[in-house]
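Visitor: Mind looking over this structure? Questions follow.
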C-alpha cells in the first residue's frame, strides 16, 4: 500500500513553507502536524516530509528520535506522562507510575512507553516536566496535573472512562 497524505495535511505543509526562506525550517512544524493528524510519525511520513522539504530522511528521523514529544508508534487515546526527575521522585512519582501501571495491567518494571492491549492508554515515565515546586506532576494528553496522588490518578482514570462513554 502506497503512503498517501491527505490534502488537508499537504495544504498545511505547503502553507507553512510559504512563510520561511528555507523549506527545512518547517521540519518540526511538519512533524507536529503529522503527529497531530495520525497520532504518531511513521517511517513513510518521515520519508514524505524529507522529500517535501528536500532533506535526507535521516535528518527528519534524527528529530523524531531526539524530541520526546514525537512517537514512532501509535499512542493510546489517553496518554499519561509521569515526571521521574528528582523533585517528583522524592515526592512519590514512582508510586504514581506503579499504581497507574498496575491499574492498567502494564508492567511497572519495564522502561519506556507502554500501551494497553486495547490501545486505550499509554503510560510513560518522562524527564522533567518543569514544575518541581508542585511535584509530583504528570500530563494526561495535553492537560497538566500537579501534586498528584494515587487517589487523583484514580479520578483521572474515571474521567477517561466517562469521556470514552460520552463519545460512543
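Numbering (our numbering), first residue to last: 5 to 172.
The C-beta atom is built at its ideal place from N, Cα and C for all residues, glycine as well.
The structure presented is a predicted model; accordingly, all values stated were derived computationally and were not measured.
Taking contact to mean 3 or more Cβ pairs, one atom from each stretch, closer than 8 Å, check whether the region 105-115 and the region 131-151 are in contact.
Guide: Touching, no.
Visitor: Would you check if the region 50-62 and the region 88-100 touch, i.e. whether three or more CB-CB distances between them fall below 8 Å?
Guide: The region 88-100, when compared against the region 50-62, does not touch it at the 8 Å Cβ threshold.
Visitor: So, for residue 74: in the same chain, excluding its five sequence neighbours on each side, which residues have a beta-carbon less than 7 Å away from its beta-carbon?
Guide: Counting only Cβ-Cβ distances below 7 Å, and skipping sequence neighbours, we find 35, 39, 45 and 68.
Visitor: From the DSSP output, which residues share a beta bridge with residue 149?
Guide: Per DSSP, 142.
Visitor: Mind listing, in chain order, the continuous beta strand (DSSP E) runs of no fewer than 3 residues lying wholly within the region 79-164?
Guide: Listed in chain order, they are 82-87, 125-130, 142-144 and 147-149.
Visitor: Going by beta-carbon coordinates alone, are residue 138 and residue 80 separated by less than 9 Å?
Guide: No, they are not a contact pair.
Visitor: I need the straight-line Cα distance from residue 136 to residue 92, nearest angstrom please.
Guide: Whole-angstrom Cα-Cα distance: 7 Å.
Visitor: Please say whether residue 117 and residue 82 have beta carbons closer to each other than 9 Å?
Guide: No, Cβ-Cβ distance for residue 82 and residue 117 is not below 9 Å.
Visitor: Using the C-alpha atoms, what's the distance from residue 49 back to residue 15?
Guide: If you take the alpha carbons of residue 15 and residue 49, they lie about 15 Å apart.
Visitor: Between the beta-carbon of residue 113 and the beta-carbon of residue 129, is there less than 9 Å?
Guide: Result no, Cβ atoms of residue 113 and residue 129 do not sit closer than 9 Å.
Visitor: Report all residues from its chain with a CB closer than 8 Å to the CB of residue 156; omit the five preceding and five following residues, and keep chain order.
Guide: These residues qualify, in order along the chain: 149.
Visitor: Would you kindly work out how many angstroms separate the C-alpha atoms of residue 104 and residue 164, rounded to a whole number?
Guide: For residue 104 and residue 164, the distance between alpha carbons rounds to 13 Å.
Visitor: On the premise that residue 160 lies in contact with residue 144, defined as a C-beta separation below 8 Å, what is that separation, rounded to the nearest angstrom?
Guide: Sure, about 6 Å apart at Cβ, within 8 Å.
Visitor: For residue 30 versus residue 21, is the C-beta distance shorter than 9 Å?
Guide: Taking 9 Å as the Cβ cut-off, residue 30 and residue 21 qualify as a contacting pair.
Visitor: Quick one: grab the DSSP three-state call for residue 25.
Guide: Residue state, collapsed to three classes: coil.
Visitor: Cβ of residue 12 within 9 Å of Cβ of residue 42?
Guide: Contact: no.
Visitor: Could you tell me the distance, in whole angstroms, from the CA atom of residue 140 to the CA atom of residue 24?
Guide: When rounded, the distance between both Cα atoms is 40 Å.
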